[in-house]
Amino acid sequence: MLRKSLFALLCMVLLFGLAAGNAFASGKKEVGNTVYVFGPTPDHGWTGSAARFAEEKINQLNAAGGKYRYVFRSAGNPDDQIKQIEAMLVERQLPAGVVIQASDNNVQAAVERIAQANIPLILFDRLLDGTSPLIREKMLIAMSADNYAIGAGAAYYMVEKGLTPGEAIWELPGDNSAVSQERGDGFREFLTGKRPFNDDQGRSHTIAADKRWTDGQIASAITQSQVANWSRDNAKQYFESYISGKTPQTLAKWLWTMDDEFVMGILELLQTPAKAAENAVFESTVKVITGCGGLIALYDVMGRTKASAGNQLYQPDGVAIMSPTCRPGFFVDAIQLMEDALNGKDITVHFTDRATKRFHEPPHLVDTASWAANRNNPSWRGFD
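Here you go:
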């Protein structure tokens, strides 16, 4: 009897060894229950705020005790994120899924290795599917702000405030990336009637025929600054150069900038004693200045009058500040979609562009009135 038991045990050991050896030889790994979420260091700005929201969501999912365990990996630069991905791929088990906000395009090769391993993949914000056919093929969904709508929303708001064809506009771009290009295209295409503005309530707005711009008016009336590279200090410098020597007759009434930090920089510049003359021209001339992003400090400015501001920045008299903002909290949605997909739900219903497997987050237009009405709405949550 003992011999039979030992023989049976030996057979089991041999079979297990052969199975393990075959798995090793074929390069296949077991799939675990861990979902990795890769994002930026949760320190400051829109991306930092998105990361903080992601951490909150992960804590909630893990506390609920579901089938999958979520792990957040933050990185301050592309090299660190690549190392994190490489470390994940050599673990004993493959992850059940990956949600990633790529640091930049340098991470593409590492993300392609995730795709090659057939790991369920969701891209958030900084997308790589436009440059990598493999990633586009393998990903479940790519989620980003609708940058065309951000630009179109800024143009729509200006038209609602009285902008007419051919009036002077000063433009301050963010950088030379696709983000700024898409925002600029959306702005121009709304004015020419080639693109509607689709808002966060699912409504579509088109410019009236008698308010449409010609391509010639676009070319001659929009003065474009050099890119500010998302820097408040650069915004100050470039606007100081632009406004120098301007009069109410030569200063543009419509200031189209691509970031809330730019607006803050411009206000800081103008509300210094040395720029009192420029500030007077600004307040008597400008109708609208736009930013973008959801900076709480700018929202606070929207609620201050000059009389009540004290030493704080205030909303200039007669100037409407508006920020077309896509909530950083939709990183939470990306994580939830991974949870849904892994549990067998159909997430293709969330595609706004089925051909490219894209979801575009529409902006809401934040100004003094809309912020006062929606400041307690979680979807309008800004960042520090």
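Per the numbering used here, the sequence shown starts with residue 1238, numbered consecutively.
Cβ atoms here follow ideal geometry from the backbone N, Cα and C, with glycine treated the same way.
The structure displayed is predicted, hence computed values, not measured ones.
- Assignment of alpha helix (DSSP H) within the region 1298 to 1336, counting only whole runs of 4 or more residues, yields 1315 to 1326 in chain order.
- Distances from the alpha-carbon of Ala1288 to those of Leu1602, Gln1438 and Val1336 put Val1336 closest.
- Per DSSP, the unbroken beta strand (DSSP E) holding Phe1596 starts and ends at Arg1595 to Glu1598.
- Looking at the DSSP output, Tyr1273 sits in a beta bridge with Val1308 and Val1335.
- In terms of Cβ geometry, Asp1496 and Ala1472 form a close pair [threshold 9 angstroms].
- Under the DSSP assignment, Pro1561 falls in the beta strand (DSSP E) whose first and last residues are Ala1557 to Thr1562.
- Looking at the backbone, the Cα of Gln1297 and that of Phe1290 are separated by about 11 angstroms.
- Per DSSP, the continuous alpha helix (DSSP H) segment holding Ile1480 begins and ends at Arg1469 to Ile1480.
- Under the three-state reduction of DSSP output, Phe1588 falls in the coil class, being neither helix nor strand.
- Sequence-distant Cβ neighbours of Asn1299 in its own chain, meaning closer than 8 angstroms and more than five residues away, are Arg1306 and Tyr1307.
- Here Ala1544 carries a helix assignment [DSSP, helix/strand/coil].
- When rounded, the separation of the alpha-carbon atoms in Gly1619 and Ala1346 is 33 angstroms.
- By DSSP's assignment, Met1380 forms a beta bridge with Phe1361 and Phe1596.
- Thr1451 sits in coil when the DSSP states are folded into three classes, being neither helix nor strand.
- In this chain, the beta strand (DSSP E) harbouring Thr1460 covers Ile1459 to Gln1461.
- Beta-bridge analysis with DSSP links Leu1492 to Trp1407 and Ile1526.
- Distance from Ala1386 to Pro1600 at the Cβ level is roughly 6 angstroms; contact confirmed, criterion being Cβ atoms closer than 8 angstroms.
- DSSP lists Ser1441 as the beta-bridge partner residues of Asn1435.
- Judged by beta-carbon spacing, Leu1409 lies beyond the 9 angstroms limit of Phe1519, meaning their Cβ atoms are not closer than that value.
- When the five nearest sequence neighbours on each side are left out, the beta carbons in the same chain lying within less than 8 angstroms of the beta carbon of Leu1377 are those of Pro1357, Leu1358, Ile1359, Leu1574, Met1575, Ala1578, Ile1584 and Lys1594, in order along the chain.
- Residue Ala1392 holds the alpha-carbon nearest to the alpha-carbon of Lys1431 among Thr1542, Val1272, Thr1562 and Ala1392.
- Annotated three-state conformation of Leu1602 is strand, per DSSP.
- Residue state for Leu1428 is assigned as helix, using DSSP reduced to three classes.
- The secondary-structure analysis by DSSP pairs Leu1532 across a beta bridge with Phe1620.
- Counting other Cβ atoms within 10 Å of its Cβ, Thr1494 reaches 16 or more and is therefore classed as buried.
- The shortest CA-to-CA distance from Thr1527 to any of Ala1546, Gln1508, Asn1548 and Met1559 is the one to Met1559.
- Val1268 is bridged by DSSP to Leu1331.
- By the neighbour-count criterion, in which 16 or more other beta carbons inside 10 Å mark a residue as buried, Asn1516 falls on the buried side.
- By the Cβ rule, the region 1604 to 1617 counts as touching the region 1533 to 1543, because three or more pairs are nearer than 8 angstroms.
- A straight line joining the alpha-carbon of His1587 with that of Glu1598 spans about 11 angstroms.
- Shown here, Gly1367 sits in coil according to DSSP, grouped into three states, outside any helix or strand.
- Per DSSP, reduced to three states, the secondary structure at Leu1507 is helical.
- Comparing C-alpha distances from Asp1422 to each of Lys1448, Thr1278 and Ala1456 shows the shortest one belongs to Ala1456.
- The residue among Gly1403, Gly1390 and Ile1459 with its C-alpha nearest the C-alpha of Ser1441 is Gly1390.
- Burial state of Thr1460 is exposed, judged by a 10 Å Cβ sphere holding fewer than 16 other Cβ atoms.
- Per DSSP, the unbroken alpha helix (DSSP H) holding Asp1570 starts and ends at Phe1567 to Leu1579.
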